[in-house]
Structures are given as structure tokens and as C-alpha cells.
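Peer 1: Sequential numbering from 0 applies to the sequence shown in numbering that gives the first Met the number 0.
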Amino acid sequence: MVDEHTVIDATRHPPEQWGRYLERFHRERAGITEAILRRAWYDGCDPYQWLAQAVPPGGLVLDIGCGSGPLLAELSGRRRIGLDLAAAELAAAHATEQDVPLLRADASAIPLRDSCIDTVTCSMSLMVALPPARVVAEIVRVLRPGGLLAATLPAGGPLHTTDRALLAGLIAALGAAPAYPAGTALPHIPGLLAEAGLHVISEERRRFAYPLRDVADADLFLDSLYLPGLPAPRYRAARTYLRALARTHRALPIPLRRLTAERPRGEPPGQAGPFTRPNGTR
Numbered sequence: 000m001v002d003e004h005t006v007i008d009a010t011r012h013p014p015e016q017w018g019r020y021l022e023r024f025h026r027e028r029a030g031i032t033e034a035i036l037r038r039a040w041y042d043g044c045d046p047y048q049w050l051a052q053a054v055p056p057g058g059l060v061l062d063i064g065c066g067s068g069p070l071l072a073e074l075s076g077r078r079r080i081g082l083d084l085a086a087a088e089l090a091a092a093h094a095t096e097q098d099v100p101l102l103r104a105d106a107s108a109i110p111l112r113d114s115c116i117d118t119v120t121c122s123m124s125l126m127v128a129l130p131p132a133r134v135v136a137e138i139v140r141v142l143r144p145g146g147l148l149a150a151t152l153p154a155g156g157p158l159h160t161t162d163r164a165l166l167a168g169l170i171a172a173l174g175a176a177p178a179y180p181a182g183t184a185l186p187h188i189p190g191l192l193a194e195a196g197l198h199v200i201s202e203e204r205r206r207f208a209y210p211l212r213d214v215a216d217a218d219l220f221l222d223s224l225y226l227p228g229l230p231a232p233r234y235r236a237a238r239t240y241l242r243a244l245a246r247t248h249r250a251l252p253i254p255l256r257r258l259t260a261e262r263p264r265g266e267p268p269g270q271a272g273p274f275t276r277p278n279g280t281r
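Put into C-alpha cells, the structure is as follows:
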């Protein structure tokens, strides 16, 4: 939730270490991302509502990195499939979206046939999935010709004048910016999409604000960040910093960007159901 250009080098944490870290993080903190983003507002909507506005009506939607299901809820009434690797997140999603098929799978190997999805959504998940190029290739594979990808990602702005000082204080307390598994790819996502054959249609940015009403809000925000290997003294320093902001009822900026990209038309869509692979297996 910081500037995509200041995220620490993800190569400090090999993919297998990230895998173990993320498995534990989402097992112990299922739903925490939803808890933060549902409280973050801009112009009367939260980031999930903003992303849902980019999803065309009708068709089958695949939500990659669906987590506890907030975007699935926003798309209620549509045909939806949720995909996530974290069992605890999927359990939380199932508790509220019992009519939605949920797949426990890696985004780099989506268990769906080619050209079966009308819209793929990725709410704050492209910077988590590894390897980025393979994940994007899988998105292209499952999209129908003319299908749409709609995604939200961390952004470097817009920011208010005071925002940079707030974020700089947090980063100073932590000793480094929060990390993402695919953080170094963030500035290059539009290029990755284009290289994979998607046509980028739009890229918009908004500054959402997460209000710090009390120390519980401060602690929740800190615990929502990916901080592998953070020393305990650094954690305590960041907690002290955020709690001090909460005592003055400050709001933390969460600048996001929303990308939409289309798979070009011209290729015949497949004929089987979405859960059938090209070789006929399920």
C-alpha cells in the first residue's frame, strides 16, 4: 500500500520463502485485506466498488485472488468463480458467498479450460502472484476473445501534500517499505499485459483514505502489511508511530490504480464448460 517505485526488492525473499510466509499470513489473518479496504474511501466508494464498476454486465467472471470474497459480493447476481490459494480465505468467502464456485489453486496454473471467461478480476492480487509473466499468460489463456481484465494495484499517487511525510514516517519506523512477492514488477504491469497480447484500455488512479479512529485501526493497518523478516523492535516502532497518528485521528492514504485490458477478438472461443481443460480433464 505504498509507492510501487519504493517497494523493497522482492529478490531478498525467494519464492519458496514467500510461499511459506503468505500461507501463514493468510491462514492467521484471513479477511484482513477486506477489513482495511472496506474502510478506505474515495468519493463515496471503496476500492472493491471501484473495481466492480469496471466489470461489464453479463458473462462469467473469474476473480483471481478472491480472498474472503469482497469483490464476489460486489458482483452479486452475476455468474462468478473465485480463485485463491489460501484455504482460510476461501472458507471466509464461502461463509458469505455459498452459491459461488471457489477454486483453491495457484494463479500460475488456473484449472479452467482455454477461452472460457468473459472477465477476469484481480483486486490487489497481481503483485502477490508469482511468477508475474506466467500469471498474466494464464489470464490471457482463460479469457475469451474480447474478454476483459480489470485489476487494482498499489500506486504512487495521487497523494496530498502531507501524505508523503506520513508514509515516510512509517517507512522510517519499519526500516524499509512493505514488500510484495512481485513488487519489482509493479511499474511494468502494463508492459507485461501488452507483451502477453492484451490491449490496455484504461489506467486510472485514485487516492483512498483509511481513517485511524483509534489504536485498533492503527494496529489493524500495520498487521495487514506484508513484512517478512521484520525485526520486533521495528514492528514496535511502527506500531507506536501509527498509534500516535490515531490519537490525532489522521487518515492514511492508499493510492491505487485501476487497469483494464482486453484480449483481442478474432480467435474462436472454446465450446466446453469452464471446468473442462482442453484435453477433456476436469
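We put the CB at the ideal spot given by N, CA and C, even for glycine.
Does DSSP classify V127 as helix, strand or coil?
Peer 2: coil
Peer 1: Compute the Euclidean distance between the alpha carbons of H187 and R163, then round it to the nearest angstrom.
Peer 2: H187 and R163 have their alpha carbons spaced roughly 23 Å apart.
Peer 1: Check this for me: beta carbons of E194 and R256, under 8 Å apart or not?
Peer 2: no
Peer 1: Within the continuous alpha helix (DSSP H) that includes A87, where are the two ends?
Peer 2: 86-95
Peer 1: Need the endpoints of the alpha helix (DSSP H) that Y20 sits in, please.
Peer 2: 14-27
Peer 1: In angstroms, rounded to a whole number, what distance separates the CA positions of A175 and E15?
Peer 2: Taking the straight line from one Cα to the other gives about 21 Å.
Peer 1: When the distance is taken between beta carbons, is R242 closer than 8 Å to A217?
Peer 2: yes
Peer 1: Do G190 and R262 come within 8 Å of each other at the CB atom, strictly closer than that value?
Peer 2: no
Peer 1: Considering A231, what are the terminal residues of the alpha helix (DSSP H) in which it resides?
Peer 2: Element bounds for A231: 231-246.
Peer 1: So T151 is in the beta strand (DSSP E); what residue range does that whole segment cover?
Peer 2: 142-153
Peer 1: With DSSP collapsed to three states, give me the class of I163.
Peer 2: Here the sequence assigns Arg to residue 163, which means Ile is not the residue at that position. The three-state secondary structure of R163, taken from DSSP, is helix.
Peer 1: Inspect the beta-carbon positions of E135 and L192 and report whether they are closer than 8 Å.
Peer 2: Residue identity check: residue 135 is Val in the sequence provided, not Glu. Going by C-beta atoms, V135 is nearer than 8 Å to L192.
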